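Protein chains in written order, with our numbering: chain A, 40 to 526; chain B, 3 to 97; chain C, 263 to 739. Idealized CB from N, CA, C, for every residue including glycine. Since the model is a prediction, treat every value here as computed from it, not as a measurement.
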Amino acid sequence: MTALHADTLAGLAARLASGECSSVELTRHFLARIAVHDAGLNCFVSVLEARALAQAEAADRRRARGEAGPLTGLPIAHKDIFCARDTRTTCGSRMLERFVSPYDAAVVERLDAAGVVTLGKTNMDEFAMGSSNETSYFGPVRNPWDPTRVPGGSSGGSAAAVAAGLAPAATGTDTGGSIRQPAALTGLTGLKPTYGRVSRWGMVAFASSLDQAGTLTRSAEDAALLLAAIAGADRRDSTSVEAEVPDYHAALDAGRGRLRIGVPRAFFDDGLEEAVAVAVREALAEYERQGAELVEVELPNLHLSVPTYYVVAPAEASSNLSRFDGVRFGHRCEAPQDLLDLYERSRGEGFGAEVKRRIMTGTYVLSAGYYDAYYLKAQQVRQLITADFARAFERVDLLMGPTTPTPAFALGAKTADPVQMYLNDIYTIGVNLAGLPGISIPCGEVAGLPVGLQIIAPHFGEAALLGAAHRYQQATDWHRRLPAAYA
Amino acid sequence: MSLTNDQVRGIARLARLSLDEAEVAEVADKLASILGMVDQLQATDTAGVVPMAHPLDAAQQLRADEVIETDHREEYQRNAPLTEQGLYLVPRVVE
Amino acid sequence: MRWETVIGLEIHAQLSTRSKIFSGSATTYGAAPNTQASLVDLGYPGVLPVLNAEVVRMAIRFGLATGCSIAPRSVFARKNYFYPDLPKGYQISQYELPIVHGGSLDIDLPEGSRKRIGITRAHLEEDAGKSLHEDFHGMTGIDLNRAGTPLLEIVSEPDLRSPEEAVAYMRRIHQLVRWLGICDGNMQEGSFRCDANVSIRPHGETRLGTRTELKNLNSFRFIDRAIRHEVERQIELVEDGGQVVQETRLYDPERDVTRPMRSKEEANDYRYFPDPDLLPVIIEPATIEAIRAGLPELPTARRERFVHAYGLSDYDAGVLTASRELADYYEAAVAAVPAAAKLLANWTMGELTAALKRDAVEIADSRVDARALAGLVARIHDETISGKIAKEVFEAMWAGEGDADSVIEARGLKQITDTGALEAIVAEVVAAHPGQAAEYRAGKHKLMGFFVGQVMKRTQGKANPAQVNALIKAVLE
């Protein structure tokens, strides 16, 4: 019998439904795991024990009344970028160290309504700016597969928590790879839905035209279960889309037709570590064995996605983060001499080095005299990159390639050179620029570290994406592996 | 691509960020390397390409003109560093 | 050197919606501080704006009324700057693609001619909060109730050449936005205010001089004063060999001077870019046509119609169409006494307007409604009462004594038209003043007034002056 903390959401849901365990028991189990293991990993910024147990009790009562839904009573963790009423929401920043949200994010609201239990809020790169979880004010998160290595970022706390069995699933956000990259580095299934599929209401903004909420789970099936609960239009988010939400769970086994899989040549460039390439090619071979046809495709402007992103994202971020001024909420410096001093010191003290760098970059590219050369140019290249994807999807159903160029790297290995850090997201960023859905699923190991296969679908193609991921997971067991120390 | 310390101070002022002298030099250095990487864009021909501000081609939804909010001042001001008589306080503003 | 003044106005009209432009907060004026500031208005982390449909409709109404083009696609942008009354650190506004652009409005010049003033654009944006400078231990208090109130910023071409023209234009816009029901025009409450861009240049020069921006002019008088002072300042400066510096200046009404704004000293770099939280506003032609069909008859058209339909002077028609309410009142009244349109106009502009002003009553709440005023004017017209008696009747009506007929009846004010009775009174008056009668007969005909006055006195004003005149003539000539 699978240990509770090694089981999937779907598995735990079945156990709750059969009465094998209660939500309170399940919740206590994970809270106990957090108590034991989190000190070494630093996954959680806040553990919400009392709230979780109250929610679990309510879920058990709901089940007793016969009103349980598919997710009722299942515990998860939320990335600390989602506002949750009356709980601290820090975004990994000193700026919001004592910020208590007076409202719920749409994602939290919907999962609460489904009867999901919130175990706690997970650590993250400050304001989601980072690829290693080393920019958090609350300290770095360690990778459960090797504590000397990073779990990826920015949803590193969520990824490490699920990988270490401290939560069966977690929410995340993905602006340039912040769900898929940590999923790849910790051996999880990380889903970034289509831009607009999930409401951004209550999700602290990093780069508004790129940010999208998603999930970190043990399986594609679990991702389908959670996505079904969080997807859908929200009148409070003008950029959320009024497209019908399909039955993602039912779609997992549907559409078994012959898949045409595009393999972008740009994904197998010089930066890709050979062992990772081997693992990914093996995964593609598995799809071929299942009857898929592999087609090489060109994404001629994909190599420009990192520079494009590092104009667009900092520009939007510099503006989004202007609201943190020490007046209505957030850090305020001691004894400001005047208004300018209040602003400069509150922000100077409240933000960490990487956030400041991005605000500076964004301010610069939007400033008079540089707007056209940087911002406008990047918006045009973004159009070209998006058009590349659209052209590819005329020929294929899905695109596949590696999620990251390497497995998890060592803590501190890339902190000195921001550009090296940014290049870690080279395969994931294009998806955000084009607003496409993408998923990373584990597809092998290199020296005991997980490797991720990235699958990309056309806009609102989550069902196909999840179906393909599920099909692979039916045939392989990479997604069932746990780091030995947390088995 | 290089930035002078004065340019960096100018951007920091625009962004209302205090930077000490060590940070100025550090930021100048890192910003230069980021902008150097970004400069790859300049080689791309984008003549006639429509700038893309949104990933989805959609129109703004409009809401009905209805008042749905009520007073939550006390609750919302719990996060505020300094308030008095319902006002947020800041160092004296001279117009 | 002769100098020419060049002025362009940026008028900020608060749109009279129930809720804010991007949130469901109330826009009511005068609420306790920060009680109408929602999470969206406060710029809380994670919140998002959603556009109010009514705001778009109102902007289109304005655009159509000023002959502007309505953009099929307009875009909201962020204007980035730090100020405590600006919660997000950026104002959501429209920059490159405003909703309305390229129209005009005619103003009346004092000498009776008209001048067409170009409207460059009108764009939607959110208002900021308010800084309260009363002393809070040397600190400033911030009230964000106003933050997020919808504004239509109406930008004119630099077509205005004097403070008088600027005020005339501002009044025309003020009239129009109230006429269209898109702004209450309340300047005390800041619902309607303007910034003026002012520059000077030598007569004959076609290039524009360096301009200064005068901020937050919230009365017609202040606009006039501030521009006047600024023009004088600039001329003096330039004639003394100096140069005008492009800057923002604030008019200080107490000291009646303009001075540079300290808070805007720093050269601003607003870093405008399209707001990624809002999508382009797409306006279909059918929407525009539906709004056009619902527009009221506009002030200029109505003024012209008043001239033609009611035989009024252009001036009177202008006064009666100063506001839609006044014009509606007049038209409702004139429908009841079409034959006395001119007389009714005089009464509307005279007694009625004076009484409204005296008691600070809006025309909608007038104590003498259109039908009642028409009833009074009808009695003057049919000579039941004289104009003089009518004033007494009006005051009685205003005091709530009923309609004209019942006041006339109750007070016995009906004109004496019985010729026999009047003849007797005339005879008495002539007999009582033999000296004057003799002088009249000797040719001093201006004594007619004296005799009429005497008859009026004896009849308490109820005699018909024309009839009395004729009778006196008959006796004395």
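Going along the chain, which residues of its own chain have a beta-carbon closer than 8 Å to the beta-carbon of residue i, five neighbours each way excluded?
| i | result |
| --- | --- |
| Val569(C) | Ser575, Asp576, Ala579 |
| Thr128(A) | Asp119, Ile120, Phe121, Cys122, Leu135, Phe138, Val139, Ser140, Lys160, Val243 |
| Leu55(A) | Ser61, Ser62, Leu65, Arg102, Ala107, Thr111, Gly112, Leu113 |
| Ile545(C) | Val318, Ile322, Ile332, Ala333, Pro334, Arg335, Ser336, Ile361 |
| Gly479(C) | Note on identity: in this sequence residue 479(C) is Leu, with Gly being the wrong assignment. Closer than 8 Å at Cβ, skipping near neighbours: Arg455, Cys456, Asp457, Ala458, Ile485, Ala488, Tyr513. |
| Val280(A) | Thr233, Gly235, Arg236, Ala272, Phe499 |
Which residues in chain C sit within 9 Å of residue i, going by Cβ to Cβ distance?
| i | result |
| --- | --- |
| Arg239(A) | Gly308, Leu310, Asp539 |
Check the Cβ-Cβ distances between residue i and every residue of chain A, and say whether any is below 8 Å.
| i | result |
| --- | --- |
| Asn314(C) | no |
| Ser4(B) | no |
| Ala14(B) | yes |
| Gly305(C) | yes |
| Val26(B) | no |
| Ala34(B) | no |
Can you pull the chain C neighbours of residue i, defined as C-beta to C-beta under 8 Å?
| i | result |
| --- | --- |
| Ser406(A) | Asp531, Arg533 |
| Tyr414(A) | Phe535 |
Counting only beta-carbon atoms, is residue i nearer than 8 Å to chain C?
| i | result |
| --- | --- |
| Tyr142(A) | yes |
| Leu378(A) | yes |
| Pro83(B) | no |
| Val10(B) | no |
| Val40(B) | no |
| Ala244(A) | yes |
Grab me the residues of residue i's own chain with a C-beta within less than 7 Å of its C-beta, minus the 5 sequence neighbours each way, in chain order.
| i | result |
| --- | --- |
| Arg533(C) | Asn342 |
| Ile39(A) | Residue 39(A) cannot be examined here, being either before or after the span of chain A that is shown, 40 to 526. |
| Leu301(C) | Val309 |
| Leu499(C) | Val506 |
| Lys350(C) | Gly305 |
| Asp250(A) | Thr212, Thr214, Arg239, Met242, Ala244 |
| Arg564(C) | Thr583, Ala589 |
Whole angstroms is fine: what's the gap from residue i's alpha carbon to residue j's?
| i | j | result |
| --- | --- | --- |
| Glu527(C) | Leu379(A) | Annotation note: pLDDT 49 at Glu527(C) (below 50); position unreliable, coordinate value reported separately. Distance between the alpha carbons of Glu527(C) and Leu379(A): 13 Å. |
| Glu327(A) | Thr254(A) | 27 Å |
| His498(A) | Arg510(A) | 20 Å |
| Asp436(A) | Thr290(C) | 54 Å |
| Glu273(C) | His465(C) | The identity of residue 273(C) in the sequence shown is Ile, whereas the question assumes Glu. Ile273(C) and His465(C): Cα-Cα distance of roughly 27 Å. |
| Asp621(C) | Thr615(C) | 10 Å |
| Thr256(A) | Val315(A) | 21 Å |
| Tyr525(A) | Leu5(B) | 48 Å |
| Met439(A) | Ala222(A) | 16 Å |
| Arg304(A) | Ile468(A) | 16 Å |
Output, in chain order, the set of chain A residues within a Cβ distance shorter than 9 Å of residue i.
| i | result |
| --- | --- |
| Lys350(C) | Ser358, Asn359, Ser361, Arg362 |
| Leu301(C) | Pro141, Tyr142 |
Counting only Cβ pairs nearer than 8 Å, list the residues of chain A close to residue i.
| i | result |
| --- | --- |
| Leu89(B) | Under the 8 Å cutoff, chain A gives no residues; its nearest Cβ is about 11 Å from Leu89(B). |
Mind listing the chain B neighbours of residue i? Cutoff is C-beta to C-beta under 7 Å, in chain order.
| i | result |
| --- | --- |
| Ser285(C) | Glu71 |
| Ser344(A) | Under the 7 Å cutoff, chain B gives no residues; its nearest Cβ is about 11 Å from Ser344(A). |
Mind pulling the chain C residues with CB within less than 7 Å of residue i?
| i | result |
| --- | --- |
| Asp67(B) | Thr279, Arg280, Ser281, Asn314, Ala315, Glu316 |
| Arg18(B) | Phe344 |
Can you determine whether any heavy atom of the ligand FAD sits closer than 7 Å to the C-beta of residue i, and answer yes or no?
| i | result |
| --- | --- |
| Leu675(C) | Questions concerning the ligand FAD fall outside what the structure shown contains, since it holds no ligand whatsoever. |
Report yes or no: is there a C-beta of chain B within less than 8 Å of the C-beta of residue i?
| i | result |
| --- | --- |
| Glu337(A) | no |
| Pro547(C) | no |
| Arg219(A) | no |
| Pro295(C) | yes |
Since residue i meets chain B, which of its residues come closer than 8 Å, beta carbon to beta carbon?
| i | result |
| --- | --- |
| Ile544(C) | Ala61, Gln62 |
| Ala595(C) | What Ala595(C) touches in chain B: nothing, since even the nearest Cβ is about 34 Å away. |
| Thr347(A) | Leu43 |
Interface residues of chain A around residue i at Cβ under 7 Å?
| i | result |
| --- | --- |
| Arg75(B) | Going along chain A, no residue has its Cβ under 7 Å from Arg75(B), so there is no contact; the nearest lies around 11 Å. |
Apart from the five residues on each side of it in sequence, which residues of its chain come closer than 6 Å, Cβ to Cβ, to residue i?
| i | result |
| --- | --- |
| Ala145(A) | Ser238, Trp240, Gly241, Asp273 |
Exercise for the section: Could you run through the segment 387-406 of chain C and flag, in chain order, every residue whose CB is less than 9 Å away from some CB of chain A? Expected result: Thr402, Ile404, Leu406
Handout entry: Residues, ordered as in the chain, of the segment 339-364 of chain C that lie near chain A by beta-carbon distance below 8 Å
Key = Arg340, Asn342, Phe344, Pro346, Pro349, Lys350, Gly351, Tyr352
Practice task
Pull out every residue of the segment 269-290 of chain A whose Cβ sits closer than 7 Å to any Cβ of chain C, in chain order.
Solution key: Arg274, Arg275, Asp276, Ser277, Thr278
Practice task
Taking a Cβ distance cut-off of 9 Å, strictly less, list which residues of the segment 104-123 of chain A are near chain C, in chain order.
Solution key: Ile120, Phe121, Cys122
Problem - Members of the segment 461-489 of chain A near chain B, C-beta cut-off 9 Å - result: Tyr461, Leu462, Asn471, Leu472, Ala473, Gly474, Leu475
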